[in-house]
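Notes follow the structure.
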Amino acid sequence: MDALIALSLLAPLLVAALLWLPAGRAPGLRLAPWAPLPALVLALAAPAPFELDLPWLLFGSRLGLDETGRVFLLFTALIWLAAGWFARAWLAHDARRHVFAGFFLLAQAGNLGVCLALDAASFYGFFAVMSIAAYGLVVHDRSAAAWRAGRVYLTLALAGEVLILSGLLLAAGAHPLAVACLILGFGVKTGLPLLHVSLPLAYAATPIPGAAVLAGAMIKAGLLGWLRFLPLGEAALPDAGTAMLLAGLLAIFFGSAVGLAQRQPGALLAYSSISQMGYIAVAVGAGLLAPGLWPLLLPAVVLYALHHALAKAALFLGLGVAERHGATHWVLAGLALPALALAGAPLTSGLLAKSALKPALAGLPAPWGEPLPALLALGALGTALLMLRLFWLIRRQTGQPAAPGRGLAAPWLLALLGVAGLGAWLAPTPTWQDALEAGAALGASWPIAAALALAFAAVRLRLPAPRIPPGDLLLPVERMLAALLQPGRPLPPLAAPPSMLPPPSAHPARVEARLRAWPLAGMLWLIGVAILLALLAR
Amino acid sequence: MSRAVAALVVLLAAGLAAALGLAMLDLPEPAVRLPARVAAKLGDSGVDHPVTAVLLNFRAYDTLLEVAVLLLALVGVLALARPHAARAAAPAHPLLQTLARLVAPLMVLVAGYLLWIGAHAPGGAFQAGAVLAAAGVLLRLAGLLPAWAQPGLLLRGGLALGLLVFVAVAVAVLGQGSLLQYPPAAAGGLILLIEAGLTLSIGLTLAGLYLAGTEVEP
Amino acid sequence: MIDTWLPVGVVLSSFLPGLFIFFLAESRIRLRTALNLIGALAKLALIGVMLWGVLNDHEYVFRHTVLPGLDLVLKADALALLFVTLSAVLWLFTTLYAIGYLEGAPHRSRFFGFFSLCVTATVGVAMAGNLFTFFVFYELLTLATYPLVVHRGTEQAMRAGHVYLGYTLGGGALLLVGTVWLYGLAGQADFVHGGSLAALPPETAGQLQVVFLLLIAGVGVKAALVPLHGWLPLAMVAPAPVSALLHAVAVVKAGAFGIVRIVYEVYGVEFAQSLDLLTPLAIAAAVTIIWGSLRALFQDDLKKRLAYSTVSQVSYIALGVALFGPLGTIGGLVHLVHQGIMKITLFFCAGNYAETLGIHKISEMDGAGRRMPWTSLAFTLGAFGMIGVPPLAGFVSKWYLGLGALEAGMPWVLAVLAASSLLNAAYFLPVLHRIWFRPAPSAWPAEHIPQRGRWETAPLLLLPPLATAAAILLVGLFAASAFSPLDWAKLIADREYLQWTP
Amino acid sequence: MSVGLLYALAGAALVAIGLAGLLLLPQLLRKILAFNILGSGAFLILVGLGQRDGGIDPVPQAMVLTGIVVAIAATALALALARQLLDLSGRMRLPEDGPDAGAADD
Amino acid sequence: MTDFLDPLPWLIMLPLAWGTLAFVLGPGRGGRLAIAAIALQGLLVLQLAGQLLAGGARVHAVGGWGAPLGIDLLADGLAAVMLLLAQAVALPLAIYARGYFAAQPKGRELFWPMTGYLLAALNALFLSADLFNIYVTLELLGLAAVGLVAIAGGQAPVTAALRYLLATLLGSGAWLLGVALIYGSYGSVSLAILAPLVGADAPLAATLAAALMLAGLLLKTALFPFHFWLPPAHGGAPAPVSALLSALVIKATFYLVLRLWLELFAPLTTVAAAQLLGILGAAAILWGSALALAQTRLKMLVAYSTVAQVGYLFLLFPLATLVPPDAAESAVQGGVMQAVAHGLAKAAMFAAAGSMIVATGRDDIGRLGGVGAHLPLTLFSFGLAGVTLMGLPPSGGFSAKWLLLRAALETGQWWWVAVMIAGGLLTAAYVFKVLRRAFLPVASGDRVTRVPRTLEFSAFALALAAILLGLFGAPLLALLAVGGAA
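Protein chains in written order, with my numbering: chain A, 1 to 538; chain B, 1001 to 1218; chain C, 2001 to 2502; chain D, 3001 to 3106; chain E, 4001 to 4486.
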């Protein structure tokens, strides 16, 4: 099992190293898609709680799996596998595909490592490797949009890293600010409001397989950070909990609303992610608010993560398939599955996840316990609308296949299978039962129905879709920064470097020449005698 | 500036003189009385004249260094005298030449006397040497001596003889306990030996200061 | 007997070859190279022996009385060996690099002579057993580095040399006054754990504070504490190996090391704390960290940007020292080593770009990663290390500094660290971006060394940065292993704090 | 006031005269002569003070003899230098002591 | 037999003898003889030092009479240190001079005799315990020095020599006046006899004598503002001469100031007078350094550096006068150490400068390019000497500065600290002004020729000695302590 852990982490790294060497490019590209296989095996085969101590690594590392970690590793590995497989076909004619693969594998190693890390330092280490390597995915297209997305992504990611590091250190010192730092730091990755601006840009700019892992797997690493490092279930932190809960709610609605105003499917999906992660933030916030509920909340959160990760990855891959093959019926049918899942339609993992969440949230004290389920249901309406809007966009935009797309279907299918099966397999039985209740099904269906109605009305009435550029709040900030900082303009020097040489002046030399004249020199000497006489005589 | 400075210099010099005068008028009785000590030790000095005794015995070391100073001055003057083509001696008046020929031997004789008398009365090597040098200058003025911007080996030996003898004697008597500590019995003879050497060298040196110093092309 | 002479041997192992090299004819390349390498390897061997001894609680002390009450003491304790080992190892790499870098350049004998002297001074600084000895080698360092700074002989180099001298000699003077004053107050005292001043009568406290200021200002010049840092960015006109050595090991590190010694082993950290000296030091370091980073942001000249980065990074060491408690100590000390490895890599790479392609400015670096992937890889590791990306060296430092800040009850330091990391990223990542993601221009500014087979540049230029870059990764990744810099720093901190922890 | 003291006072006056001359006279020959006057004054003081109570003191006399020889040596060297300077520059004065040239100002 | 080998008289007679012999041998001859003899003198000094360390200060009564009738030679620690310095500087310089005059024959004819007399005068001066005898040695020294300055001929050196001669004669004249006054007051000129007689209630004559003698010595030591004669004289002479003069001759008069101040006239000294000397010293440091920095000729720069360095010597007076004995001892040690260190370093610096001038064919700082490449050892020597002058460790100059600083801080006279620090930095400025030029490549049209090895190595030996002094200064201080002068 130790060897398997090592292999899980080393496989992507070794393949990446192979890609670095010119001679290793071809074999490396062949091997790249299969790099997450050891991790997948590990996730499936490892005994649930198991640990591996590596005292010589970093500050003494501990790798291993607990239940949470295992689920995360499972879906993470699966998504990376599907995306990697997909990428081989997607980028078959890209001259820089080895570069993409390199970053892809590095980010993958980081992401898998995050799932396996059981101590702060190594978690942070893997997290950072993942975040930074993903920059290479975001800017792969080298287009202006990609550059901008990359810049924004990286800035926020680094701010997040710094916050996380500060948070981890503060937590080690049991400092009250630790929780805030951690929430915000990982919140960058999970797209908390205000920290979310990089997501739409990045998802839209990244090539499809990259976007799939970003939106599916990597975003969940932020969640895992919360789960690992926030004192969930241990101490009640009403302030932090409330803030997070509110932020989550805001994200749910804000994400849906702005998402509807998007023109690009990628950006729309990003806002959907923001919205979906809002649910999770609400749950985590609830956990902070009421530690007693956490044993109930944790499985729900994990399940929700799994569901959203797979669904979002599948949606992105489907987006790619639609782009290359055109929006055929089969493709649209395939897309419908994750879309419905996201909207929480009956018989989907989405409903399962939401069913798991609801009872736990309902246990919250006032003023949350009552209104929360209703608000969440309203959120589901937003999600459903978003999905409809997505279909609309896909149909409109992908009229002609842009490039031949052989070999894309199989990995997509793998992802769809995951969406269909994995949630069902892993969900605890009571959740199943809740979800299968008729009331639940009905409750889950009405938002979809309402959404359909609204959409129909909107199309009929030719309501102009509002238009909000991806990144929404980013634009004014960017403008302000551009005005403030013009890179390349040097700051004025603090102080002029001191010059050691006095300016060459004839003056001392002139004085010197005068001193040489006998009358003056002699006079000075006589004065010297006189002064000495005066001073010596007491 | 210069006038004011000059005035101030004069003033200060006068002030110095005044201070010197004041100081001299307010002298204490000397704590040490050297004349008495000189008189007491005169018998051991090897000479009868107290000044000569001080010069060549009690403070002979001063004299030794002083001889070195004199020779050094000549060395300095010689160093300045660039080797110009020696000017032919200017023809002098025949009367001067004759007179010089007559007087020079006499002056040598006088020098010898002064040297000998120095042990008892005013006189001694310096006086004798000065007379010798005067003879040399006289001969030179009469055109009877060649110029010597570049003294030969013999001449250099003569110039150095006095100092070398002095030094030799000074260290030869080290066995007595210290530098220039003449054995009481031999003191008179040694002093005479030194003075003899000095007379020759001082004569040559003083003459040389003149002779070398004049040998410069205008 | 041998115990006494081992430290001397370490000093001489570069001093003697250095002297000899001065007088070698330019053309004696083989002999010169052999001398250099023999010296470097001999030094490493001697250090190896002492490392083993010190680990087993042995101390190597050489003592020579210069004047009554004034001893020259060379002492190899754990702290000294940390720095000595760093210097010796990096010297070896830099020598190799310099051999490649200066191939065919004039005045190589002089260069390598002073180069060796420079390292001699550095190991002297490291092993100085008291403040006087420290000062001796500190000044020697100034003198040995000046010719290296002005080596190119251009007007710009001369001016930089001028400024360099002005600053460093001025600093030396302050250090001297402080030292003399302290000797007058307390007599001669060796560096000892916990310092030697706590026993002085309380009425001397005011004087001790002034002396502390003098001493820190003195060493702060070399450590480039703001506002004493003005020389450093100018000094980057020196040839790349010199900059590498200057920024990584020799000069700035000597200053930083001086701060370590003064705080821990002259004043004693507890006593310094009781005199309220640590917080101002921490503030000075923090200001330097931020200011250096801000200035770095606006430099287009690559080496200048690196220089300002040094200003910022070296103060991490001072910061660690100022954080009262073993964790801060560990952070500062380990950064002493880590910053060295990282910065030397960066300067090696900067030198490679300049020598191979004629790239001096960041705006010229577009696509350099394509042409020089290995150099760029090393550069990337160095830059990420500086930012503090795990599991690289810089991360380890920052981690412990952060812990130390909390331990010392100065959580505001975390904000400084965070801001600095962001600024580091802000000035390094654009460089990386250009290297890796921008298309290469049709022609390089001045391609001196053409691609030869697999070698993107001369082998001696490429291998040293790759080795140090690997070290960046390894010291971070295996920080917890035995004999890692972190491990050694912990050993020192253990010994340092045992003395006074009740 | 003894004769010796009178000599000494005269010596003090000579010192002042010599000093002023040495410092103020630009012409070198005069300077050198002034130095000799200064020296003579010092010798007078030395001998005069030694004998201020009337008795003869051979020690200062011997010293003065020595001193005179030394002064001769110095004067000779000074004259040789001045002569050399005259030959080289055509002037009998040091450059700092006034700009007017010409060997004529003796 | 032991009397016969007593080093004291031989140290004086030997140079007199070889100087005279060199004169007899003829123009330009006697170099080898001189070197051998100076080496012998060196051994004698070492023997003397050994004797002193073992048995304390020694008196040698010339003629066997003893003071006050005769003249005494006194060898105490201070004298021995100065003697050591003189021989240590003279030996390498003699070797240097042989090579130098082979390359640059101007002035070689009578160099050796004059040097012999110069050394005799120095040794005699250091050993003399008799005020009038000191006068004679001063004159011997002065005339030898003046002769050496003029030795190469030419208008500038002759002018400088004449100026120097007049200045030094004025100084000796003042000394002689003082001697006359002292003799008139006390009836003796022996230091040993006089020391107990001079007290705080000394007559005006004694005070006036002290003022005159000290002022005369200051003039001869070229303390600011009485330095006017020094730069042209030291800067214009041939290099070995400049080295001898700067290293030794002014040290001799400084030595006398020290002796008078600390011993004979100690009861007369006041804090105010000491501060005056210190202020003049400080002014010398600043003024000399500033002018050194402004020079374009290498040797003039070095000469002005001497003006500045002399200033350091005089800082010891405020630090040693009427202060606690600890500080005073430290100050005197520092002052003497500075004298020794400066002697060695300045000799090295002038020697190195001479080599550079021989090699480049001109005395121009702006045209030193290529020296670093062609004469590395010489430049290195110059640099090492500069290190000592700057007071950087490890060097004699540093040890001196250390001791002086310690005294200054112990006595709370922080303003001297500032002066010393500023002086060190200014020194660095002018030393590096030379070094940085020398590092440059040869300017087009210039050429740098090789110089004889002996030139390079002798300069290096001197510079190295100045550095080693910093590492092994303790024995020197132990020697200095003999006899309680310090």
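Beta carbons are placed, not taken as given, at the ideal position from N, Cα and C, and that holds for glycine.
Remember, it's a predicted structure, so these values are computed and weren't measured experimentally.
Check your understanding: Got a sec: is the Cβ-Cβ distance from B/Ala1086 to anything in chain A below 9 Å?
Key -> The count along the second sequence starts at 1 and reaches residue 1086 of chain B at position 86. Since pLDDT at B/Ala1086 reaches only 49, below the 50 mark, its modelled position is unreliable, and the value read off the structure follows with that caveat. Not a single C-beta of chain A is nearer than 9 Å to the C-beta of B/Ala1086.
Point to revise | Within-9 Å CB hit, E/Phe4226 to chain D | key: Numbered from 1 along the fifth sequence, position 226 holds the residue referred to as residue 4226 of chain E. Not closer than 9 Å to any Cβ of chain D, the Cβ of E/Phe4226 fails to qualify, so no.
Point to revise | Closer than 9 Å to chain D by CB, A/Pro508 | key: Translated into positions along the first sequence, residue 508 of chain A becomes position 508. For A/Pro508, the answer is no, since every Cβ of chain D falls outside 9 Å of its Cβ.
Review point. Among residues of its own chain, excluding the 5 on either side of D/Ile3037, which ones have a beta-carbon nearer than 7 Å to its beta-carbon?
Key: Counting from 1 along the fourth sequence, the entry for residue 3037 of chain D is found at position 37. Counting only residues of its own chain and dropping the five nearest sequence neighbours on each side, D/Ile3037 has a CB closer than 7 Å to the CB of Leu3014, Ile3017, Gly3018 and Gly3021.
Practice item. Could you check which residue in A/Ala145, A/Ala360 and A/Phe126 has the C-alpha nearest to that of A/Pro291? Key: The residue labelled residue 291 of chain A in the question sits at position 291 within the first sequence. It is A/Ala360.
Exercise for review: Check whether the Cβ of D/Pro3095 lies closer than 9 Å to any Cβ atom in chain B.
Suggested key: Translated into the one-based positions of the fourth sequence, residue 3095 of chain D becomes position 95. Closer than 9 Å: no.
Check your understanding: Opposite C/His2064 in the DSSP bridges: which residues?
Key -> Residue 2064 of chain C sits at position 64 when you count from the first residue of the third sequence. Its beta-bridge partners are C/Leu2072.
Exercise for review: To the nearest angstrom, report how far apart A/Trp446 and A/Arg70 are at their CA atoms.
Suggested key: Mapped onto the first sequence, residue 446 of chain A falls at position 446. Mapped onto the first sequence, residue 70 of chain A falls at position 70. Whole-angstrom Cα-Cα distance: 34 Å.
Practice item. Quick one: residues in its chain with C-beta nearer than 7 Å to the C-beta of E/Leu4477, no 5 flanking neighbours on either side, listed in chain order? Key: If you number the fifth sequence from 1, residue 4477 of chain E lands on position 477. Closer than 7 Å at Cβ, skipping near neighbours: Gln4333.
Review point. Closer than 9 Å, Cβ to any Cβ of chain A: which residues of the segment 1193 to 1213 of chain B, in chain order?
Key: Residues: none.
Practice item. Tell me, please, whether the segment 4289 to 4308 of chain E touches the segment 4225 to 4240 of chain E by the rule of three or more beta-carbon pairs shorter than 8 Å. Key: With the rule of 3 Cβ pairs closer than 8 Å, the segment 4289 to 4308 of chain E counts as touching the segment 4225 to 4240 of chain E.
Check your understanding: Is E/Gly4183 close to chain B, meaning its C-beta is less than 9 Å from at least one C-beta of that chain?
Key -> The residue labelled residue 4183 of chain E in the question sits at position 183 within the fifth sequence. Here the sequence assigns Tyr to residue 4183 of chain E, which means Gly is not the residue at that position. Chain B, which has a Cβ nearer than 9 Å to the Cβ of E/Tyr4183, makes this yes.
Check your understanding: For E/Gln4338, which three-state DSSP category applies?
Key -> Taking the fifth sequence and counting its residues from 1, one reaches residue 4338 of chain E at position 338. The answer is helix: DSSP assigns E/Gln4338 an H, G or I state.
Check your understanding: How about the segment 201 to 209 of chain A and the segment 74 to 93 of chain A: do they share at least three Cβ pairs that are nearer than 8 Å?
Key -> The segment 201 to 209 of chain A is in contact with the segment 74 to 93 of chain A.
**Study point:** Classification of A/Glu323 by the beta-carbon crowding that lies within 10 angstroms, buried from 16 upward
**Key:** What you label residue 323 of chain A is simply residue 323 of the first sequence in a count that begins at 1. So A/Glu323 ends up on the buried side.
**Study point:** Listed by chain order, chain B residues near E/Tyr4117 by CB distance under 9 Å
**Key:** Locating residue 4117 of chain E in the fifth sequence gives position 117, where the first residue counts as 1. Scanning chain B for C-beta atoms nearer than 9 Å to the C-beta of E/Tyr4117 yields Ala1068, Val1069, Leu1071, Leu1072 and Val1075, reported in chain order.
Review point. Alpha helix (DSSP H) containing A/Asp2: first to last residue?
Key: For the purposes of this step, residue 2 of chain A is identified with residue 2 of the first sequence, where counting begins at 1. In this chain, the alpha helix (DSSP H) harbouring A/Asp2 covers Asp2 to Trp20.
Check your understanding: What does E/Leu4377 touch in chain C if you count any residue whose Cβ is under 8 Å from its own?
Key -> Locating residue 4377 of chain E in the fifth sequence gives position 377, where the first residue counts as 1. Here the neighbours are Phe2022 and Phe2023.
Review point. Using the beta-carbon of each residue, which ones in chain B are nearer than 9 Å to A/Ile539?
Key: Summary: the structure shown does not reach residue 539 of chain A, with chain A confined to residues 1 through 538, and so no result is reported for it.
Review point. If you run the structure through DSSP and keep just helix, strand and coil, what is C/Trp2455?
Key: Mapped onto the third sequence, residue 2455 of chain C falls at position 455. Here DSSP, grouped into helix, strand and coil, assigns C/Trp2455 to strand.
**Study point:** Start-end ranges of the alpha helix (DSSP H) lying completely within the segment 111 to 165 of chain A, minimum 4 residues
**Key:** For the segment 111 to 165 of chain A, whole alpha helix (DSSP H) runs of length 4 or above, ordered along the chain, are 120 to 138.
Check your understanding: When the Cβ atoms of the segment 4393 to 4400 of chain E are set against those of the segment 2065 to 2077 of chain C, are three or more pairs found closer than 8 Å?
Key -> Judged by Cβ distances under 8 Å, the segment 4393 to 4400 of chain E makes contact with the segment 2065 to 2077 of chain C, as three or more pairs qualify.
Exercise for review: State yes or no: is the beta carbon of A/His175 nearer than 9 Å to at least one beta carbon in chain C?
Suggested key: Taking the first residue of the first sequence as position 1, residue 175 of chain A is located at position 175. It does; some Cβ of chain C falls within 9 Å.
Exercise for review: Please report how far the alpha carbon of A/Gln264 lies from the alpha carbon of A/Leu315, in whole angstroms.
Suggested key: One-based indexing of the first sequence puts residue 264 of chain A at position 264. One-based indexing of the first sequence puts residue 315 of chain A at position 315. Distance between the alpha carbons of A/Gln264 and A/Leu315 is about 14 Å.
Exercise for review: Please check if any C-beta of chain A sits within less than 9 Å of the C-beta of B/Gly1021.
Suggested key: On the second sequence, position 21 is the one that residue 1021 of chain B refers to. False, the Cβ-Cβ gap to chain A never drops below 9 Å.
Review point. Contact between the segment 2172 to 2181 of chain C and the segment 2207 to 2220 of chain C: three or more CB pairs below 8 Å?
Key: Segments in contact, yes.
Review point. Between C/Ile2387 and chain G, is there a C-beta pair that is closer than 9 Å?
Key: The structure shown contains no chain G; its protein chains are A, B, C, D and E.
**Study point:** Contact under 9 Å by Cβ, C/Leu2278 with C/Val2269
**Key:** Within the third sequence, numbered from 1, the residue matching residue 2278 of chain C stands at position 278. Within the third sequence, numbered from 1, the residue matching residue 2269 of chain C stands at position 269. Closer than 9 Å, so yes.
Check your understanding: Secondary structure at A/Asp591, three-state DSSP: helix, strand or coil?
Key -> Residue 591 of chain A lies beyond the residue range present for chain A, which begins at 1 and ends at 538; the question has no answer from this structure.
Check your understanding: What number of angstroms, rounded off, separates the C-alpha of A/Trp525 from the C-alpha of E/Ile4012?
Key -> Translated into the one-based positions of the first sequence, residue 525 of chain A becomes position 525. Translated into the one-based positions of the fifth sequence, residue 4012 of chain E becomes position 12. Computed Cα separation, rounded: 32 Å.
Review point. Closest Cβ-Cβ distance between A/Ala513 and chain B: below 9 Å?
Key: In the first sequence, the residue the question calls residue 513 of chain A occupies position 513. Output row for A/Ala513: interface = no.
Exercise for review: List the DSSP bridge partners of D/Gly3048.
Suggested key: Translated into the one-based positions of the fourth sequence, residue 3048 of chain D becomes position 48. BP columns for D/Gly3048 are empty, so no partner.
**Study point:** Distance cut-off 8 Å: C/Gly2195 Cβ against heavy atoms of the ligand GDP
**Key:** With respect to small molecules bound, the structure shown includes none, and the ligand GDP cannot be examined in it.
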